[in-house]
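For reference, the structure discussed in these notes is given below.
There are 2 protein chains.
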Amino acid sequence: MNIILLSGGSGQRLWPLSNDIRSKQFIRILTGEEGRVESMLTRVYRQILAADRDANVTIATSKKQVSSIRNQLGDKVNVCVEPCRRDTFPAICLAAAYLRDLQGVGEEEGVVVCPVDPYVEDSYFEALKELGGMAERGEANLSLLGIEPTYASEKYGYILPVSGERVSRVDTFREKPDAAAAEKYIAGGALWNGGVFAFRLGYLLGKARELLSFQNYGELRARYESFRKISFDYAVAEREKDIRVLRYRGQWKDLGTWNTFTEAMAEPVLGRGILNETCSNTHLVNELNIPILCMGCKDMVVAASSDGILVSDKVQSSYIKPFVEQMEQQVMYAEKSWGSFTVLDVQEDSLTIKIVLLPGHGLYYHSHEHRDEVWTVTSGRGRVVLDGVERAVGPGDVVSMPAGCKHTVFADTELKILEAQLGENITVEDKQKYPLEVAGRAALSEQEPR
Amino acid sequence: MNIILLSGGSGQRLWPLSNDIRSKQFIRILTGEEGRVESMLTRVYRQILAADRDANVTIATSKKQVSSIRNQLGDKVNVCVEPCRRDTFPAICLAAAYLRDLQGVGEEEGVVVCPVDPYVEDSYFEALKELGGMAERGEANLSLLGIEPTYASEKYGYILPVSGERVSRVDTFREKPDAAAAEKYIAGGALWNGGVFAFRLGYLLGKARELLSFQNYGELRARYESFRKISFDYAVAEREKDIRVLRYRGQWKDLGTWNTFTEAMAEPVLGRGILNETCSNTHLVNELNIPILCMGCKDMVVAASSDGILVSDKVQSSYIKPFVEQMEQQVMYAEKSWGSFTVLDVQEDSLTIKIVLLPGHGLYYHSHEHRDEVWTVTSGRGRVVLDGVERAVGPGDVVSMPAGCKHTVFADTELKILEAQLGENITVEDKQKYPLEVAGRAALSEQEPR
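Just so you know, the sequences run in chain order Y and R.
Following the numbering used here, the numbering of the first sequence begins with 16 at its first residue and continues without gaps.
Following the numbering used here, the numbering of the second sequence begins with 16 at its first residue and continues without gaps.
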């Protein structure tokens, strides 16, 4: 199966675990096989492989998510990066072009498009595989997955099928109705639209030619910014006559708020903390290295990360967005393709950061104009390059980099570094990058800006 | 007025703001004059001076509180350090001997003994001054402050006076009764025992001679460990026939739990945080440098420090002690006489600490056997001494101290230092101290172990 996972989303509704550069799909608080903690992304990827071990997975996303995807899945998936956000139709066209031009997928092959973050049981991906087959066999131009509704939700779009059979032709769509209308649709056999589409690659590329004058991937990418924002539903689904829908009856949850997200937690406490015996229906997620004690909490969620702490009634937690928006916020923790960084201390004229570099990874070769930096290696082995000169470093070694000094570091084993940034105007923008200029050694294999 | 403040107490009930080395009297969350944040200690000291600008204040305490007292009050008060804990009678005897032998207070002078942490209005200290006068004039052997009860508390001892006059002879005492008995006492004009005693210095020293074979301060201190634990109430008050009590009708609160402590906060939020409009009767105290968002919280207290985070229903917060006891805990923040330290990061083989040294202060000259240390100065100016060699340091300077290297640092201006401790067995016990061995410079004025 060729599957395109649409990975978007901002990081506000699950603050403080999600932030500007860590969307909810990357938060590691779910419990997977053998009790391992996993994110929505790693869970969905695991489930796809369980349904189809040869699945060709491509993630369509924006630039700022690439680090997190590479951190969590390495090179096991393809990543198609949108130059900017233009809603789902251009994004799916770009990914389709990526499949044809960069991966050699044939235009007659089936492709399934799916959100990156459904919280579902394994049978969902069996259904997706079936959907891909239906598309490839040409049973319809467009094949959709319809979720059996469990209540008259006002949050979802509805698909109205012609019949109640497992696979049916689609009569029409209804966008987010009110509860009364939803009741009526459901009584008439309507299904939730779960945002899954399957088609032959050639079908979608035809639409791309028609609506975006598409020729090839490179050209589509170059013109991407000029496209207007338009959803796949609006551009394709609502205009297509030949659509079939496959019913899915299993578990399907949209873990979009803390209220729903905590329902997916296997244990009420994740991380360091205690809920005393007077707490009820309360979940605690703690990424900090200090304990949290909850007493007498009813129906609450407590979530803590380097970015901040949320203490909320579960129902109230759905209304978090405006409050998060008004908080002036620095990203205090981020997963990067090369490892992670955590801001330990913020002072007026200095910033202290802990850098963890994964073995075999390194930073971009760079310099700063307005700040000095000092590295203290606290564990691991690696090599630094300072103004073209390489040297090995280990625990206790100190590297001073005055403003203007070109520098990078490469990890031979997992490397932990304490970085002191010193200066009056410390910004992420103050960074100049250079090609690495040390001869006679392996290039830093994976470089990426922090 | 000679006043002895008894400063004891463990740090569990107001966790995480209090800890093993920061008792509740040192927590800075009260609002004083001109909106300045103050601790119980600085508040009480300010109130004493308001009642008597020439007050001679002596704090009787244990060794581990000296740093916090010096940090908050500098050298403005006398500190009488108990070699170990032996309850209030030996502690008051030691302080009385300290007054006579080290401060030259005459045996005919009045002395008032008071807990360090009453939350009261200024008139309380006017009453204490009056009590000191009563003692000095010999109106009774022992003069007590009786608090007008506001309810039939089971938490306090009761003083039963002979009459309802403002000053009355004391008939008898009753230790913490049940509510019914308390009702009866109050109906009969009983007062709460607020733990305040006034006497002529000679009277108390007589008791010390009688019960502890006291001769002088040095000898008392030397034998201190051999004394049995005994309270002043039991050893003196309950056996004395000639006692008077002065009624105090003003505000008097024992801020011993979060529930009562938050009542003394001028604003519901102290530190970075938001209580949204759906919160009610909720208090937030945040010493961390990250925001806390509270939504839909009713009757709760949320308190965060480098040591941990408490999220509790206010009533439940009284039962915090056993949970704090079971939490394995490293002190993550401490005020010292020379400034403060904050643990920023704990790893298996390293510990990262931020040190803030106040101008004119320095550390002990010391070395470590099992760990290397690296200092990175992030702001300020000072001087380090490494194995007898002094050098000036400023922002960006790095000092590497391998195990065995003798070192110290002295702050000329406020000095902020990032300290990386590196080794397999990092403990506070791994510390050897030495006399400073640099010639030709001022000795480090205030040294104290961390």
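Every residue, glycine too, gets a C-beta built ideally from N, C-alpha and C.
In this text, all values refer to a predicted model and were calculated from it rather than measured experimentally.
Since residue i is in the beta strand (DSSP E), which residue starts that stretch and which ends it?
i, result
"C129(Y)", "G125 to P130"
"K268(R)", "W267 to D269"
"E405(R)", "V404 to V408"
"Q62(Y)", "No beta strand (DSSP E) contains Q62(Y), which is instead part of the alpha helix (DSSP H) from M55 to A66."
"S83(Y)", "S83(Y) -> not in any beta strand (DSSP E); alpha helix (DSSP H) instead, spanning V81 to L88."
"F188(R)", "V182 to R189"
"A318(R)", "M315 to S320"
"E198(Y)", "No beta strand (DSSP E) contains E198(Y), which is instead part of the alpha helix (DSSP H) from A194 to A202."
"L308(Y)", "I307 to M310"
"V346(Y)", "Run containing V346(Y): none; DSSP gives neither H nor E here."
"N10(R)", "Residue numbering for chain R in the displayed model covers 16 to 465; residue 10(R) lies beyond these limits and cannot be assessed."
"D360(R)", "G354 to V361"
"S333(R)", "Segment: none, S333(R) is in no beta strand (DSSP E) and carries neither H nor E."
"I44(Y)", "Looking at the DSSP string, I44(Y) is not in any beta strand (DSSP E), and its letter there is neither H nor E."
"A75(R)", "N71 to S77"
"M280(R)", "No beta strand (DSSP E) contains M280(R), which DSSP labels as neither H nor E."
"V92(R)", "V92(R) -> no beta strand (DSSP E), and no H or E assigned at all."
"H381(R)", "Y380 to S382"
"T367(R)", "S365 to L372"
"N17(Y)", "N17 to S22"
Between residue i and residue j, which are expected to be in contact by the criterion C-beta below 8 Å, what is the C-beta distance as a whole number of angstroms?
i, j, result
"T357(R)", "V389(Y)", "So it is not a contact: roughly 19 Å between Cβ atoms."
"N208(Y)", "V126(Y)", "Not quite, the Cβ-Cβ distance comes to about 18 Å (not below 8 Å), so this is no contact."
"I370(Y)", "G354(Y)", "7 Å"
"I162(Y)", "L220(Y)", "Incorrect: roughly 28 Å between the Cβ atoms, too far for contact."
"T367(Y)", "L433(Y)", "7 Å"
"E97(R)", "L109(R)", "6 Å"
"C95(R)", "I63(R)", "About 16 Å separates the two Cβ atoms, so there is no contact after all."
"S332(R)", "N274(R)", "5 Å"
"R420(Y)", "D445(Y)", "Residue 420(Y) is actually Cys in this sequence, not Arg. That pair is no contact at about 13 Å."
Do residue i and residue j have their C-beta atoms closer together than 8 Å?
i, j, result
"L437(R)", "S321(R)", "no"
"A349(R)", "I36(R)", "yes"
"I305(R)", "G50(Y)", "no"
"A281(R)", "L270(R)", "no"
"G9(Y)", "G204(Y)", "Outside the shown range of chain Y (16 to 465) lies residue 9(Y), about which nothing can therefore be said."
"P176(Y)", "S183(Y)", "yes"
"Q118(R)", "N86(R)", "no"
"A66(Y)", "L143(Y)", "yes"
"R100(R)", "S77(R)", "yes"
"R181(Y)", "R262(Y)", "yes"
"V326(R)", "V339(R)", "no"
"S295(Y)", "Q362(R)", "no"
"G265(R)", "Y380(R)", "no"
"A111(Y)", "A223(Y)", "yes"
"A435(Y)", "H385(Y)", "no"
"D427(R)", "P374(R)", "yes"
"R396(R)", "L430(R)", "yes"
"Y134(R)", "L88(R)", "no"
"K199(Y)", "K170(Y)", "no"
"L227(Y)", "L235(Y)", "yes"
"D102(R)", "I245(R)", "yes"
"H422(R)", "V404(R)", "no"
What residue range does the alpha helix (DSSP H) around residue i cover?
i, result
"D248(R)", "F247 to A250"
"V424(Y)", "Run containing V424(Y): none in the alpha helix (DSSP H); it sits in the beta strand (DSSP E), H422 to A426."
"E340(Y)", "K336 to Q341"
"T393(R)", "It is not in any alpha helix (DSSP H) - T393(R) instead sits in the beta strand (DSSP E) that spans D387 to S394."
"N274(R)", "W273 to F276"
Requested in this report: Examine the Cβ distances between the region 151-168 of chain Y and the region 213-232 of chain Y and report whether three or more of them are shorter than 8 Å.
Outcome: yes
Query raised in the report: Considering only residues of the region 112-178 of chain Y, which uninterrupted beta strand (DSSP E) runs meet the minimum length of 3 residues and lie entirely inside it, listed in chain order?
Result: 125-130, 133-135, 157-162 and 173-176
**Report entry** Unbroken stretches of the alpha helix (DSSP H), 4 residues or longer, contained in the region 209-240 of chain R
**Finding:** 216-227 and 232-238
**Report entry** Cβ contact (3+ pairs, closer than 8 Å) linking the region 305-314 of chain Y and the region 248-256 of chain Y
**Finding:** By the Cβ rule, the region 305-314 of chain Y does not count as touching the region 248-256 of chain Y, because fewer than three pairs are nearer than 8 Å.
Requested in this report: Take every Cβ of the region 70-84 of chain Y, pair it with every Cβ of the region 19-38 of chain Y, and state whether three or more of those distances are shorter than 8 Å.
Outcome: yes
**Report entry** Stretch-stretch touch, CB-based, cutoff 8 Å, three pairs: the region 404-423 of chain R with the region 442-453 of chain Y
**Finding:** no
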